[in-house]
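The sequence shown begins at 119 in this note's numbering and counts up one residue at a time.
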Amino acid sequence: MHSIRHNKLLWLIGGRAAVITMLLGSAILIQLKAPGALPIDPFFFLIGLTYGLTAVWAITLRFIDRHPWLVDVQVACDALVVSAMVHLTGGVASYFSSLYALPIIAASTVQSWRGGLMVSALSSIIYGGLVIAQYQGVALPFVDVPAVLPPMRVAIFTVGLNVFGFMAVAVLSGYLAEGLRRTGEQLEETSTQLADLQAFSQHVIDSLTSGLTTCDMAGRLLTFNRAAEGITAIAAVDALGRPMAEVLQLPQAYAGLFRPHGRRPMPPRIEYGYTRADGRQIELGISAAPLITPRGDVGFLFTFQDVTEAKKHEREARVQQRLAAVGEMAAGIAHEIRNPLASMAGSIQILRDELPLTAEQSQLMDIVLRESERLNETIRSFLSYARPQRAALGDVDVRRVLTDTAALLENNAELVDGHSIVVDAASDPVVYRADEAQIRQIVWNLATNGLRAMPDGGELRLSVRRAGARGGDQGQVVIAVHDHGVGIAPEEMDGIFQPFRGGFARGTGLGLSIVHRIASDYGGEVRVASSQGRGTTVEVILPVGALTAPVAG
């Protein structure tokens, strides 16, 4: 990138060559029309010398920025050449004295006040010296002193007038050059600010998470920001210039917006289906506004968002709200059933003990009591799932919970001779802040499911470990239960956490649902890996310190 001084000198060298060429043409024309009117040989020598110097200046142009004094040498040489021309053409009577203005203007243009005043002073001294030499009769090369010189007062007036003109030209050209320099700096600064503002505005537009696009009154697309590209899967270069209605697949409500004449209705925000360039179906929420400038309305501005996920969550929220209402009602009904069921079971038990019953009647009583207990257990599990109790948080040693659960299972009716229970945990405590009853429920539900999955026996492995701790992350506690049972069919995996989807005859179908609900309350997740005929592994991953179990009462 060349400097401003370099560019100015380049114009100066070109201008110098043009002036010398013009002088050469004029000299040739005068010589042809009036032979002997000019001292042609020295004059042509000066013109040739100036051409040679111009070539030298062009060669040294590359060194100007490192050696600024070369500029002073150039304009000083120009003043000397002009002085030589004035000397050759009559000194005080020469018509070429006005040429001194050219190097003065050139110096002012390149070096402002300093250059112009320096060259004007040099020109004044040389010009004055030439005139003094003429009137003193000093013999100068290439020209003789004229026999008749203007009177001294005329010479003094001429020299004074020319010197004044030199200084005036220097001051005026310096003033104009300085003004031009300041104007150029202001223009450059303004251009930089404008470019920065434009870049900042573009960055702001591209940083928007919503699609932003504009079009003219006819609907031809003018701008297309980065978010619009991501939402539509259309590159800006492919979208610009195309009809807005085509790019955004605008619904019929916007059909009258681009009419050439008449009223242009502005529709409210609309949500509609949109097919992206890659074929994926999404839902767009779009709104339009007139694009207003000082000249009036020049187009329209559209903002739009991909509301597919938002609409999905909205639908899910409505479903969850309805399910919550149904669940609350069902929980209330279950609670009301539980009380008379307990009364009925108690009454049957009293009658069984007090009445003389036949063997068949006693068996029927046992069936009623057994089924009442099973129904009561189902209601209790359902209430635990639908109306969880408020968590009592504390530091729980999960390793001890696994050990206690294994001990309880050794005396459980689900255990058969072929079962073995193994606890796989480190000797150090694995402490997790939670409600101990909820952690025990997680382990118990998973362990009993594992035993039921192995009706003919097998190994049930209970384990706990810490995982994922690094940097500022506190990690996770992973509770795992592995069995070698019947496994889960692939088509049933999607519904295993849904209530009442149990696969065991003696279960309530709520065990995994309760585990999933408790894990979700702690910000965790449940992962299930199963292979039919080979067993199932269920991992409950609980983040440490993520949540404090916001379980409602």
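Glycine included, C-beta positions come from ideal geometry on N, C-alpha and C.
I'd like the list of long-range same chain contacts for residue i, defined as Cβ closer than 6 Å, with 5 residues on each side in sequence excluded.
i, result
"Leu235", "Ala288"
"Ser242", "Val281, Phe284"
"Ile659", "Gln594, Val596, Gly642, Glu643"
"Pro221", "Val193, Asp196, Ala197, Val237"
"Phe422", "Gly329, Leu402, Ile404"
"Val204", "Ser212, Phe214, Ser215"
For the candidate residues the options, whose alpha-carbon lies nearest to that of residue i?
i, options, result
"Pro378", "Asp190, His600, Met335, Leu326", "Met335"
"Asp415", "Thr521, Phe376, Gln254, Ala251", "Phe376"
"Val662", "Gly292, Val541, Gly391, Val548", "Val548"
"Leu267", "Asn280, Ser212, Gly653, Ala460", "Ser212"
"Met384", "Ala371, Ile614, Tyr390, Leu279", "Ala371"
"Ala219", "Ala510, Gly209, Leu240, Gln423", "Leu240"
"Leu294", "Trp231, Val514, Leu315, Trp187", "Trp231"
"Ser490", "Pro361, Ala460, Thr207, Pro269", "Ala460"
"Leu188", "Met203, Val210, Gly233", "Gly233"
"Pro238", "Ile250, Ser309, Ser215", "Sequence inspection shows Ser at residue 238; the Pro mentioned does not correspond to that position. It is Ser215 whose Cα lies nearest to the Cα of Ser238."
"Leu578", "Val193, Ser291, Val534", "Val534"
"Met362", "Ala544, Cys333, Pro386", "Cys333"
"Arg551", "Asp513, Ser405, Gly397", "Asp513"
"Arg299", "Val277, Ser226, Val365", "Ser226"
"Ile349", "Ile404, Asp639, Arg635", "Ile404"
"Gln399", "Ser480, Leu366, Ala406, Ile410", "Leu366"
"Val228", "Ala463, Ser465, Ser291", "Ser291"
"Gly629", "Arg360, Arg570, Tyr640", "Arg570"
"Leu493", "Arg433, Ile557, Asp515, Pro458", "Pro458"
"Met572", "Gln467, Leu279, His185, Gly536", "Gly536"
"Gly208", "His185, Gln252, Gly170", "Gln252"
"Gln254", "Asp546, His185, Val210", "Val210"
"Ser538", "Ala555, Gln556, Asp574, Asp546", "Asp574"
"Val97", "Gln556, Ala555, Asp515, Gly568", "Here the chain has residues from 119 to 671 only, and residue 97 is not among them."
Could you please give me the residues that DSSP links to residue i through a beta bridge?
i, result
"Cys673", "Not covered by the structure: residue 673. The range shown for the chain is 119 to 671."
"Ala402", "Before going further, note that residue 402 is Leu rather than Ala in the sequence given. Paired residues: Tyr390, Asp424."
"Ser215", "According to DSSP, which records beta bridges pairwise, Ser215 is partnered with nothing at all."
"Ala598", "Ser581, Glu657"
"Ser649", "Gly653"
"His537", "Gly576"
"Asp513", "Arg551"
"Pro361", "Arg338"
"Thr411", "Gly414"
"Asp542", "Ser581"
"Val281", "DSSP lists no partner for Val281."
"Glu643", "Ile659"
Would residue i and residue j be called neighbours here (beta carbons separated by less than 8 Å)?
i, j, result
"Asp196", "Ala224", "yes"
"Phe420", "Pro408", "no"
"Val596", "Val582", "yes"
"Ala345", "Leu368", "no"
"Ala395", "Ala351", "yes"
"Leu580", "Ala637", "no"
"Val646", "Val656", "yes"
"Thr168", "Val199", "yes"
"Ser201", "Ile250", "no"
"Arg387", "Gly374", "no"
"Gly246", "Val272", "no"
Which residues in the same chain have their Cβ closer than 7 Å to the Cβ of residue i, if we skip the five residues on either side of it in sequence?
i, result
"Glu296", "Ser230, Trp231"
"Ala623", "With a pLDDT of only 49 at Ala623, under 50, the local geometry of the prediction cannot be trusted, and the value read off the model is given with reservation. If we look at Ala623 and ignore the five residues flanking it on each side, it has no Cβ neighbours."
"Gly653", "His600, Asp601, His602, Gly603, Gly605"
"Ala565", "Thr523, Leu527, Leu578, Leu580, Val599"
"Ala607", "Gln650"
"Ala585", "Gly593, Gln594, Val596"
"Met462", "Ser490"
Among the residues of its own chain, which have a CB less than 8 Å from the CB of residue i, if the five just before and after it don't count?
i, result
"Glu401", "Glu389, Tyr390, Gly391, Tyr392, Asp424, Val425, Thr426, Lys429"
"Ala544", "Arg517, Arg583"
"Asp356", "none"
"Gly651", "Val604, Gly605"
"Gly359", "Arg338, Leu339"
State yes or no: is the beta carbon of residue i nearer than 8 Å to at least one beta carbon in chain C?
i, result
"His602", "Judged by its chain identifiers, the structure shown contains no chain C, having just a single protein chain."
>> Taking 8 Å as the cut-off, does the stretch 478-488 touch the stretch 528-538 (at least 3 CB pairs, one atom from each stretch)?
In response: no
> Is it a yes or a no for the stretch 328-342 touching the stretch 426-435, going by three-plus beta-carbon pairs under 8 Å?
Replying inline: no
> Three or more beta-carbon pairs under 8 Å between the stretch 322-335 and the stretch 295-312, yes or no?
Replying inline: no
> Just checking, does the stretch 514-525 make contact with the stretch 561-575 on the three C-beta pairs under 8 Å criterion?
Replying inline: yes
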